[in-house]
Amino acid sequence: MKELTMVDLKSQYLEIKEQIDTSIQEVINNSTFINGPQVASFKNNLATYLDVKNVIPCANGTDALQIALMALDLAPGDEVITVDFTFAATVEVVKLLKLTPVLIDVEEDTFNMSLDSLKKAITPKTKAIIPVHLFGQCAHMEPILQIAKENNLYVIEDTAQALGASYTFSDGRVQKAGTMGTLGTTSFFPSKNLGCYGDGGAIFTNNDALAHTIKGMVNHGMYQKYYYDVVGVNSRLDSIQAAILNVKLPYLDAYNQARQKAAAYYTQAFKHCKHISTPATSEFSNHVYHQYTLKITNGKRDELHAYLKEKQIPNAIYYPVALHNQKAYKTENVIEENFANTNRLIKQVISLPMHTELETEQQELIVEIILNFFK
Ligand SMILES: *Cc1c(COP(=O)(O)O)cnc(C)c1O
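Numbering-wise (numbering that gives the first Met the number 0), the sequence shown opens with residue 0 and increments by one.
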């Protein structure tokens, strides 16, 4: 049996080695390392895949979030609502730009933004909402977009964990994650659903004016050579990374299907264990399982974590601390009750190996060891 790992990027590479090697060599042969033709074609290919008007590549998913916020007419002190249960990058950029992050609770079943908490968090200072499509499943965008519309708020979808997922509106319309809000952002970090071989990211929008602003902003705020209209940043997707992504994009749906198949195996296997709650699916979103995350409901998550470590079964706890209790993001007068779900989830969640090359034989072993723990 192959070695068990949380992700297996090496085996995935070997399946497409020839195409990848050729694409990288081509960039080196032409030496167009920055802004080569691969970047332009990837931008177009991804826009077609997502069915969105504009894709602006950048250096990573954190930059994508920061640049998205920079492109909106926000001022220091404006409030940006996001979730308490996410990777820190989502809130970090809000703070960096001197905006005020307002952290809210998530839904207990989907781990995504709580609609009740969202409604309660809106104040006259609120300007934007950042829903995160956590672990590969879309946040409930239709009501979020409705709330945003009623209150005149921007919506930035953090799609770092859910590229390729889709959301179904009540009228039957289907849209890809990241294309529903004012702006969408993603990351091509190697372990994400569409990963490159280094850092990478992108911003999506159907708003042409915002797309124009962002295109200059990622390049020092330059719209005409050596004329600087706004303060920008230097955030580019390398040609080599774009070349790799061009090879991998056509496989994204198959990769997500492989994740779904592995997830279905786990879910079926854990069905009868009463202390394990398997990932919830929703009627409005499919799930592309960036993570396969269980909830351990008998209070023994930490014991299971230690047991799996001893048995050499890779696993991870995303996320062990609620953001509102992190030193960098602590706020005054927090009412812990407002974070009831996050506070419970950080003690219950555990993520299992999940990737495109997971073999049944490997899953059998993982499942057997976990079920033995509960015997
Ligand atoms: C990975 C991730 C990011 C940041 O992406 P990087 O490319 O690592 O900067 C942002 N938000 C979420 C939810 C993520 O999972």
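Just so it is clear, CB atoms sit at the ideal spot from N, CA and C, and this is done for glycine as well. Here the structure is a predicted model, which is why all the values come from computation and not from measurement.
Any non-hydrogen atom of ligand 1 closer than 7 Å to residue i Cβ
i, result
"Leu117", "no"
"Gln160", "yes"
"Val232", "no"
"Gly163", "no"
"Thr47", "no"
"Asn111", "no"
"Leu64", "yes"
"Ser186", "yes"
"Phe203", "no"
"Lys94", "no"
"Val131", "yes"
"Gly200", "yes"
"Thr81", "no"
"Phe84", "no"
"Ala88", "yes"
"Gly60", "yes"
"Asp157", "yes"
"Lys247", "no"
Rounded straight-line distance, which links the Cα of residue j to that of residue i
i, j, result
"Val366", "Glu106", "27 Å"
"Lys1", "Lys16", "19 Å"
"Lys94", "Phe188", "22 Å"
"Thr47", "Asn371", "47 Å"
"Leu117", "Gln174", "22 Å"
"Lys119", "Val154", "17 Å"
"Leu236", "Pro278", "33 Å"
"Lys214", "Tyr222", "8 Å"
"His286", "Tyr225", "45 Å"
"Ile55", "Pro123", "31 Å"
"Ile295", "Tyr318", "14 Å"
"Gln259", "Thr178", "22 Å"
"Ser281", "Thr109", "8 Å"
"Lys329", "Leu49", "36 Å"
"Arg172", "Gln145", "15 Å"
"Ala67", "Gly183", "8 Å"
"Ile202", "Ser234", "11 Å"
"Asn34", "Ser238", "6 Å"
"Gln267", "Glu363", "12 Å"
"Gly197", "Arg343", "34 Å"
Buried/exposed call for residue i, threshold 16 Cβ in 10 Å
i, result
"Gly231", "buried"
"Val90", "buried"
"Pro130", "buried"
"Gly180", "buried"
"Val333", "exposed"
"Tyr227", "exposed"
"Asn29", "exposed"
"Ala262", "buried"
"Ala271", "Per the sequence shown, residue 271 should be read as His rather than Ala. It counts as exposed."
"Thr204", "buried"
"Asp7", "buried"
"Ile128", "buried"
"Gly298", "exposed"
"Pro75", "exposed"
"Gln37", "buried"
Residue i, enclosing alpha helix (DSSP H) - first and last residue
i, result
"Ile365", "359 to 373"
"Ile33", "Run containing Ile33: none; DSSP gives neither H nor E here."
"Asn245", "238 to 247"
"Pro346", "The question names Pro, yet the displayed sequence has Lys at residue 346. That run of the alpha helix (DSSP H) goes 339 to 347."
"Glu141", "140 to 149"
"Tyr265", "251 to 268"
"Gly200", "Premise fails: Gly200 lies in the beta strand (DSSP E), 200 to 204, not in any alpha helix (DSSP H)."
"Tyr306", "300 to 309"
"Tyr12", "8 to 14"
"Val116", "This sequence places Ser at residue 116; Val is not what is there. Run containing Ser116: 114 to 120, per the alpha helix (DSSP H) assignment."
Proximal residues to residue i (C-beta, below 8 Å), its chain only, five neighbours per side dropped
i, result
"Lys191", "Gly60, Ala159, Gln160, Leu162, Thr185, His289"
"Thr85", "Val131, Leu133, Asp157, Tyr318, Leu322"
Residues of its chain near residue i, where Cβ-Cβ distance is below 7 Å and the 5 sequence neighbours each way are ignored
i, result
"Ile19", "Tyr12, Ile243, Val246"
"Asp104", "Asp83, Ser113, Ser116, Asn337, Phe338, Ala339, Asn340, Thr341"
"Asn44", "Asn245, Leu248"
"Asn206", "Thr181"
Cutoff 6 Å; reference residue i; Cβ partners in own chain excluding five residues on either side
i, result
"Tyr306", "Phe372"
"Ile375", "Coverage of the chain is limited to positions 0 through 374, which leaves residue 375 absent and any answer about it impossible."
"Ile312", "Ile365, Ile368"
N- and C-terminal bounds of the beta strand (DSSP E) containing residue i
i, result
"Asp157", "153 to 157"
"Gln65", "Premise fails: Gln65 lies in the alpha helix (DSSP H), 60 to 70, not in any beta strand (DSSP E)."
"Val101", "99 to 103"
"Thr375", "A question about residue 375 goes unanswered here, because the residues of the chain that appear run from 0 up to 374."
"Val90", "Careful: Val90 lies outside any beta strand (DSSP E), inside the alpha helix (DSSP H) at 88 to 95."
"Met221", "221 to 223"
"Thr184", "182 to 186"
"Ala208", "No beta strand (DSSP E) contains Ala208, which is instead part of the alpha helix (DSSP H) from 207 to 216."
"Glu78", "78 to 82"
"Ser165", "165 to 167"
"Lys126", "125 to 129"
Min CB distance residue i to chain C below 8 Å
i, result
"Leu68", "No chain C appears in this structure, which consists of one protein chain only."
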